[in-house]
Amino acid sequence: MQIFLSGLLNGNDGKHPACDPTYFGRREFSFTLDNDIYLRFKSFNNSSELEISIREKCPFKIDIGPAYSVDPAKRHAYAQSGDNAFTPVERELVFDIDMTDYDDVRYCCSWADVCLDCWPLMTIAIKVIDTALRDDFGFKHILWVYSGWRGVHCWVCDGKARRLTNEQVHCRLLLSLQGK
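Residue numbers (the working numbering): 1 to 180.
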């Protein structure tokens, strides 16, 4: 658990003077429990609190959201103040590639069905996107993760990627990847 969480701290681990000790507490987590119960805007002061909550609630899905300007669990208090203090500050750049994206070229399966013949398509997508992110954009900290159902997620964790706005991602990055 500690190795996994250290990546979410993005250098804010208390081991150097420039770290932000509030960073982990401003990260949003959401849990999906049995019966589609969705708990959003969860935050924890440290990894031990998160681990205890995971053990208590036993979520079958955990989503990791952005780091906000303030503690996401206290967002209502900031919303009532009217100063718009609750805003996302940074988040890893995440690409979600699903096998269904290739339904028009797959000959073996469709929709959520996935077989061993499908995976070379995903492998090609991973290689193309990974090469573009590294060579064209200079990103170095890239993590590929099986999404748990029918595809993969690409997490780009470089500081410059985490600070991109939605507009920058859509206008510059995606258009460049599309060759426009």
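Beta carbons: idealized from backbone N, C-alpha and C, even for Gly. Quick caveat, the model's predicted, so the values are computed rather than measured.
Selection Glu49, Lys74, Val114 and Val169 evaluated against Asp103 yields Val114 as nearest (Cα-Cα).
Listed in chain order, the alpha helix (DSSP H) runs fully inside the segment 39-95 are 47-57 and 75-81, counting runs of at least 4 residues.
Just measuring C-alpha positions, the residue of Trp111, Val152 and Asp117 sitting nearest Ala125 is Val152. The alpha-carbon separation between Ile97 and Leu33 amounts to approximately 24 Å. Ranked by Cα distance from Phe95, the first of Val169, Asp83, Ser43 and Cys109 is Val169. The continuous alpha helix (DSSP H) containing Arg162 extends over residues Gly159 to Arg162. By the neighbour-count criterion, in which a residue is buried when 16 or more other Cβ atoms sit within 10 angstroms of its Cβ, Cys154 is buried.
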